Amino acid sequence: MNELLRKSAAEQSKALKNKEVSAVELTKAAIERTKSLEEKLGAFNSLTEDIALDTAKKVDEKIAKGEELPLLAGIPLALKDNMNLVGSRTTASSKILENFVSPFNATITDKLLGNLVPIIGKANLDEFAMGSSNENSAFKKVHNPWNLNKVPGGSSGGSAASVAACDVTLSLGSDTGGSIRLPASFCGIVGMKPTYGRVSRYGLIAFASSLDQIGPFARTVEDAANLLEVISGHDEKDSTSLDLPVEHYAANLNNDIKGLKVGVIKELMSSEGLNDDVANAMRNAIDTYKNLGAEIVEVSLPHLKYSIGIYYILATAECSSNLARFDGVRYGYRTPEAKNLMEMYTKTRAEGFGPEVKRRIMLGTYALSSGYYDAYYKKAQQMRALVTRDFEEAFKTVDILISPTCPNTAFDLGAKSSDPLAMYLTDIATISANLAGIPGMSVPAGFDRDGMPIGLQILAPQLKEGRLFNAAHKFEREHDYYLQLANI
Ligand code: GLN
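When we follow the numbering used here, the leftmost residue of the sequence shown carries the number 73, and every step to the right adds one.
Below, the structure is given as structure tokens:
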């Protein structure tokens, strides 16, 4: 492989500017590596070679003319396959959208293309982003590059695996309850969920609209900060996007964090299922922050233990409504034979959706039905407010919060696929940030006894992405975890 593929985007940008490599060469190398690993990894639903090479050519033309390059120009990137890119298939890893070709670009796609970022392909995911292990894809499973018998985490498993395997340098995922942070943790890379509304959701296939956010994956905090800058901003096509200026997040990465108040989330440090190696890594992380001059405080989030219950009412309620549009009429799969309209709807949906998606549509429809609405949906909304208030209280006394991203490391393929409840519990540490709309990220924090990566989760108050990147970067540079790459 071209050794440059293992480097960070920052280093690749330098090499492009110094003409050590052309953007076309770098893009071709990424495509070649992706193809050579695909059978082992299953990380991609489709490749978009022509689009990537067209973009790379434009980068080389600019370099030849001596023009300034936009941020991340020429850096190979993968899009999660629930984001629209004109001319590509956008399947959400569902049979119901298997042959759907995007007629429009997501706003984030326009921004990437505007910055001349070559989009190499569409990364595999759990069907409609529902899952924690990427085993719910209708097409194929994604394998963890650190150990091919293990899951990469989900739902953005393909996005995470492709960056960890150095197919691409950057990727985008979507995070509704942890789908960026969890696979980042399982694959030993950086994954970040921004504040709700920071990034436009226009053109992202909706799962649970009040929780969904698009965010970056990278192998360094600096690269993730730059990618967030590229995709952020107000969008009149998404009424929930925030009309606030975009920051240059990478500017303050090296700021001193002496005196920073770091809250350790008590409930996540003592939870029953916490693996010993993860607990050790957390103790080391706390020491690292102490050595950097931060002040460590234990913080309690009393309603955190309800977050999974709240989430599985709200997310399923929202998805039952969002997925009503897949009816065989307007787009996607339609059953070949039906006697009447009702049968066409029901057969299309029965044949097009996988088991997890159906389970959630049923749960959500039940929670919203008259007679149960007050007992479930309304109660969950009220509880969501309490979780949000826990964070508001905590952030009155601390600047950031830390915890493991997940109580365990990547598990074996198949280990939890027949037990949905066990799978849901994987997200205990991540879900509450979506309920509260705050930014969070996972950074590499060591390895377990089997050599599988461990992730440190860092959370910050709404719109304090700059603080989050600063604290994560300082942590990252105290260790060499980010330099250790999967041997694949
Ligand atoms: N694992 C969670 C779920 O299955 C979160 C998914 C996500 O963030 N998209 O819903």
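From the three backbone atoms N, C-alpha and C, an ideal C-beta is built for every residue, glycine too.
Computed from a predicted structure; not experimentally measured.
Host alpha helix (DSSP H) of residue 394 (start-end): 379-394
Using the Cα positions of residue 514 and residue 296, report the straight-line distance between them to the nearest angstrom. When the Cα atoms are used, residue 514 and residue 296 turn out to be separated by approximately 11 Å.
Beta strand (DSSP E) segment containing residue 117, residue limits: 116-119
May I have the straight-line CA-CA distance separating residue 473 from residue 533, to the nearest angstrom? 9 Å
Alpha carbon to alpha carbon, how far is residue 153 from residue 227? Give it in angstroms, no decimals. 11 Å
Relative to the ligand GLN, is the shortest distance from any of its heavy atoms to the C-beta of residue 503 smaller than 8 Å? Indeed, a heavy atom of the ligand GLN lies less than 8 Å from the Cβ.
Taking all protein chains shown into account, do 16 or more other C-beta atoms lie within 10 angstroms of the C-beta of residue 210, making it buried, or fewer, making it exposed? Label assigned to residue 210: buried.
Given this structure, state the Cα-to-Cα distance separating residue 391 from residue 400, to the nearest angstrom. Residue 391 and residue 400 have their C-alpha atoms roughly 17 Å apart.
May I ask whether a heavy atom of the ligand GLN can be found less than 8 Å away from the beta carbon of residue 378? no
Taking 6 Å as the limit between beta carbons, can you name the residues of its chain near residue 536, skipping five residues before and five after? none
Inspect the CB distances between the segment 462-472 and the segment 238-245 and report whether three or more fall short of 8 Å. Cβ pair count under 8 Å is below three, so no.
Using only the heavy atoms of the ligand GLN, determine whether one of them is closer than 8 Å to the beta carbon of residue 263. no
By alpha-carbon positions, which one of 378, 340, 306 ends up nearest to residue 319? 306
For residue 529 versus residue 481, is the C-beta distance shorter than 9 Å? no
What do you reckon, are the CB atoms on residue 394 and residue 280 nearer than 9 Å? yes
Straight-line gap, residue 362 to residue 368 (C-alpha atoms, nearest Å): 7 Å
Closest Cα partner of residue 77 within the set 106, 156, 91: 106
Within 9 Å, strictly: CB atoms of residue 364 and residue 339: no
Please tell me whether, using a cut-off of 8 Å, the distance from the CB of residue 498 to the nearest non-hydrogen atom of the ligand GLN is below it. yes
Using the rule of at least 16 other Cβ atoms within 10 Å of the residue's Cβ for burial, across every protein chain shown, is residue 490 buried or exposed? exposed
Under the criterion of a Cβ to heavy atom distance below 8 Å, does residue 394 qualify as lining the ligand GLN? no
Could you work out which residue in 421, 125, 431 is closest to residue 493 when comparing CA atoms only? Taking only the C-alpha atoms, the option nearest residue 493 is 431.
Contiguous beta strand (DSSP E) assignments of at least 3 residues, all confined to the segment 97-169: Counting only runs of 3 or more, we get 116-119, 149-152.
Near residue 561, what residues of its chain come up, given a Cβ to Cβ distance below 6 Å and the 5 sequence neighbours on each side ignored? With the chain represented from 73 up to 560, any question about residue 561 goes unanswered, as that position is not in the structure.
In whole angstroms, give me the CA-to-CA distance for residue 540 and residue 176. 33 Å
Name, in chain order, the residues that DSSP records as bridge partners for residue 484. The partner list for residue 484 (beta bridge, DSSP) reads 222.
Taking a contact to mean a Cβ-Cβ separation below 9 Å, would you say residue 157 touches residue 103 in this structure? no
Buried or exposed: which applies to residue 355, given that a residue is buried once 16 or more other Cβ atoms fall within 10 Å of its Cβ? Exposed is the label assigned to residue 355, since fewer than 16 other Cβ atoms lie within 10 Å of its Cβ.
Assuming contact is defined by CB atoms lying nearer than 9 Å, are residue 404 and residue 497 in contact in what I supplied? no
Look at the Cβ atom of residue 259, then the Cβ atom of residue 290, and state whether they are nearer than 9 Å. Not closer than 9 Å, so no.
Of the choices 337, 350, 328, whose alpha-carbon is the least far from that of residue 366? 328
Coarse secondary structure for residue 525, derived from DSSP in three states: strand
Just tell me which of 120, 222, 213 has its CA closest to the CA of residue 185. 120
With hydrogens ignored, establish whether the beta-carbon of residue 250 is closer than 8 Å to any heavy atom of the ligand GLN. Residue 250 has its Cβ nearer than 8 Å to a heavy atom of the ligand GLN.
Using DSSP bridges, identify the partner residues of residue 473. 335, 531
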